[in-house]
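Peer 1: The structure follows.
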Amino acid sequence: MEVTTVRELFRHADRFLQRKIKVNGWVRTVRSSKNFGFIELNDGTFFTNLQVVFDDGLDNFKEVAKLVTGSAIVVEGQFTESPGAKQPFELKAERIEVAGAAAQDYPLQKKRHSFEFLRTIAHLRPRTNTFSAVFRVRSLLAFAVHKFFQERGFVYVHTPIITGSDAEGAGEMFRVTALDFENIPRDGSGCVDFSRDFFGRETNLTVSGQLNVEAYCLAFNKVYTFGPTFRAENSNTARHAAEFWMIEPEIAFAGLPENMQLAEDMMKFLIGYALENAPEEMNFFNKFIDKSLLDRLYNVLDSDFARVTYTEAVEILQKSGEEFNYPVGWGHDLQTEHERYLTEKYFQKPVFVTDYPKEIKAFYMRMNDDGKTVAAMDLLVPGVGEIVGGSAREERLDYMEKRMEELGLNKEDYWWYLDLRRYGGAKHAGYGLGFERLIMYVTGMANIRDVISFPRTPKNAEF
RNA sequence: UCCUCGAUAGCUCAACGGUAGAGCAUCCGGCUGUUAACCGGAGGGUUGCUGGUUCGAAUCCAGCUCGAGGAGCCA
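Okay, so the first sequence: first residue is 73 according to my numbering, each after it adds one.
Set out below in structure tokens:
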């Protein structure tokens, strides 16, 4: 007999009622009496469990009644309406095959677990309600990212994971090498001789696909990357990981306004997609993870994102009357507490902060006419903080060379990046969206370690 | 990396200088529609590690390891 999924049963119950069906899945809990019992079965296709009713008409009734949570079974029987109040349907089992019993030390209870404990059993936590919901939404959002950009004519570019130098300057990087650590080649001055390494030079894991994707932007007009990114920073926070996924669109013949509009449209599209395609999961998050989640997300869909310049933001903070641990002053980067005030208290919705002082932003950001600020934008959202960081890119070769000189960057390291300004280097802009931070925002999950299947953080790569 | 807090049964926690306990899970038994099922019983511990103080340490002190929250860095 063909296997039916629990998703089909719940979405199209009328097609299956009063018919014989076959399902498979994993036992969430068994409640048994002397002559009958109930199994909560989850087959991974649907958030809600299917209730299986069984009785001593089964030749393996005793074995089934003793099944430990986590066991894998295959059930055949009649799909019927349920007399119980808590579920509309149930499966009256006529045959239950134990496909894989769980040992009695199965660590997951039917009780609530702490997320800290579940991180220690990352291989089993996808079987819990919360992680089932998180990772289905993660999958849906990954697809939605592609859908959003593809429908708007963007070309998906795979930028390299291994990058040619540390010239990007965006923080600590993981080195990639094939050198024998027991016998590292040295040059005349005692330094490691990377010319004898696999690539004949120093290589690292990418910290951003941006520089590479700009080359494709200036050929395809509208492009995006979506892939893994690596940062070797010793960050111990709920919103940093050493390996995470980033989405980096880049649009040509466009500046900061178009860039912000794209980011806002994208955020609304992705939120709407999750609400529409994972209603059970989103309701679960709203009930058990963050009771204000749905109100907040619908509010985002209905309202325009706020936009302020950095200079205006500083004025708002100075006039706020709030006691901040760090002083607010033009020229200093906004602290987390300042960002939280802006997005969570003052605007109470997502807010773009634009036009930061050039000193606190990257060399490639486009200089504004005032000569003091650059056309950068950060999108701040309540609860997560910075979720998008982007800018208009400096397309004027002379401006960029001057800026690189000021910062002491070696122009030879960036020869091909500068070439892009030499040969039809039109205005262009782009941003990076932290995919995990998006998932946190959409699900209400508070820790990035709980939206990555097997998270990599300092001192943690067990799985 | 810095600051703060924490680590006791498989899990969630209690005991806070004087014999280490409960609920859940597991095992055994009972129960004819359960819903974190219910009722009865049993097993389960080098109290994170190392050292110190003390007649006596889960409890006080120091170091270490790991974790959490906050900060920095950023997405």
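C-beta atoms are modelled at their ideal positions from N, C-alpha and C, and glycine is treated no differently.
(1) If Gly497 sits next to Leu469, beta carbons under 8 Å apart, how far is it from one beta carbon to the other, in whole angstroms?
(2) Hey, would you say Pro422 sits closer than 8 Å to Met339, going by beta carbons?
(3) When DSSP labels each residue in this structure, what does Asn96 get in the three-state scheme?
(4) Taking the alpha carbon of Ala194 as the point to measure from, which residue in Ile323, Ser525, Thr529 and Lys531 has its own alpha carbon closest?
(5) Leaving out five residues before and five after His218 in sequence, what residues of the same chain have Cβ atoms less than 8 Å from its Cβ?
(6) Check whether the segment 287 to 302 touches the segment 248 to 256, counting contact only when three or more Cβ pairs, one atom from each stretch, lie closer than 8 Å.
(7) Roughly how many whole angstroms lie between the Cα atoms of Tyr398 and Ile111?
(8) Per DSSP, what kind of secondary structure is Leu113 in: helix, strand or coil?
(9) Mind checking Leu179: buried by the 16 CB within 10 Å criterion, or exposed?
(10) Could you check the C-alpha separation between His312 and Leu139 for me, to the nearest Å?
(11) Between which two residues does the alpha helix (DSSP H) harbouring Gln159 extend?
(12) I'd like to check one pair, Glu411 with Phe377: are the Cβ atoms closer than 8 Å?
(13) Could you check where the beta strand (DSSP E) with Val294 kicks off and where it finishes?
(14) Grouping DSSP H, G and I as helix and E and B as strand, with all else coil, what is Thr192?
(15) Report the rounded CA-to-CA distance for Thr445 versus Tyr413, giving the unit in angstroms.
(16) Which value, in whole angstroms, describes the spacing of the CA atoms of Glu274 and Leu492?
(17) Nearest CA to the CA of Phe38: which residue from Tyr486, Gln176 and Val124?
(18) How long is the line joining the alpha carbons of Ala137 and Leu130, rounded to whole angstroms?
(19) DSSP has Trp317 in a bridge; who is on the other side?
(20) Hey, quick one: how far does the alpha helix (DSSP H) through Met512 stretch, first residue to last?
(21) In or out: Asp450 buried (at least 16 other Cβ within 10 Å) or exposed?
(22) Measure the Cβ-Cβ separation of Ile323 and Thr278 and say whether it is below 8 Å.
(23) From the DSSP output, which residues share a beta bridge with Arg91?
(24) Relative to the C-alpha of Val372, which candidate in Asp441, Gly225, Cys263 and Val514 has its C-alpha closest?
(25) In chain order, what residues of the same chain lie with their CB nearer than 7 Å to the CB of Ala310, ignoring the 5 residues before and after it?
(26) Comparing alpha-carbon positions, which option in Phe119, Asn107 and Phe82 lies nearest Asp127?
(27) With DSSP as the reference, label His500 as helix, strand or coil.
(28) Quick one, which of Val78, Gly281 and Ile459 has its alpha-carbon nearest Met332's?
(29) Ordered along the chain, which non-local residues of its own chain (more than five positions away) have a Cβ less than 6 Å from that of Leu389?
(30) Expressed to the nearest angstrom, what Euclidean distance is found between the alpha-carbon atoms of Val425 and Phe341?
(31) Candidates Glu352, Tyr489, Glu223 and Leu251: which alpha carbon is nearest Arg268's?
(32) Who are Gly33's beta bridge partners in DSSP?
(33) Are the CB atoms of Pro321 and Phe221 within a distance shorter than 8 Å?
(34) Closest by CA to Asn284, which one among Trp317, Ala326, Cys263 and Gly236?
(35) Helix, strand or coil: which one does DSSP assign to Ser105?
(36) In the DSSP assignment, the alpha helix (DSSP H) including Phe356 goes from what residue to what residue?
Peer 2: On the basis of the coordinates in this document:
(1) 7 Å
(2) yes
(3) Asn96 falls in the strand class under three-state DSSP.
(4) Ser525
(5) Excluding positions up to five away in sequence, the list reads Tyr228 and Phe298.
(6) no
(7) 56 Å
(8) strand
(9) In the sequence as presented, Leu is not what sits at residue 179; that position holds Pro. The residue in question, Pro179, is exposed, as its Cβ has fewer than 16 Cβ neighbours within 10 Å.
(10) 40 Å
(11) Premise fails: Gln159 is in no alpha helix (DSSP H) and is neither H nor E.
(12) no
(13) Inspection of the sequence shows that residue 294 is occupied by Lys rather than by Val. Taken as a continuous stretch (DSSP letters only), the beta strand (DSSP E) holding Lys294 covers Lys294 to Phe302.
(14) helix
(15) 23 Å
(16) If you take the alpha carbons of Glu274 and Leu492, they lie about 23 Å apart.
(17) Summary: the structure shown does not reach residue 38, with the chain confined to residues 73 through 535, and so no result is reported for it.
(18) 10 Å
(19) Pro300
(20) Phe507 to Thr515
(21) Counting of Cβ neighbours within 10 angstroms places Asp450 among the buried residues, the total reaching 16 or more.
(22) No, the Cβ-Cβ distance between Ile323 and Thr278 is not below 8 Å.
(23) DSSP, once it has assigned bridges, lists Phe151 as partnering Arg91.
(24) Residue Val514 is the option with its Cα nearest to Val372.
(25) Residues Ala518, Asn519 and Ile520 of the same chain have their beta carbon placed closer than 7 Å to that of Ala310, with the five preceding and five following residues left out of the count.
(26) Asn107
(27) strand
(28) Out of Val78, Gly281 and Ile459, Ile459 has the C-alpha closest to the C-alpha of Met332.
(29) Val400 and His410
(30) 21 Å
(31) Out of Glu352, Tyr489, Glu223 and Leu251, Leu251 has the C-alpha closest to the C-alpha of Arg268.
(32) It is not possible to answer for residue 33, since the shown part of the chain is limited to 73 through 535.
(33) yes
(34) Gly236
(35) DSSP places Ser105 in coil when its eight states are reduced to three.
(36) First-last of the alpha helix (DSSP H) with Phe356: Pro351 to Phe356.
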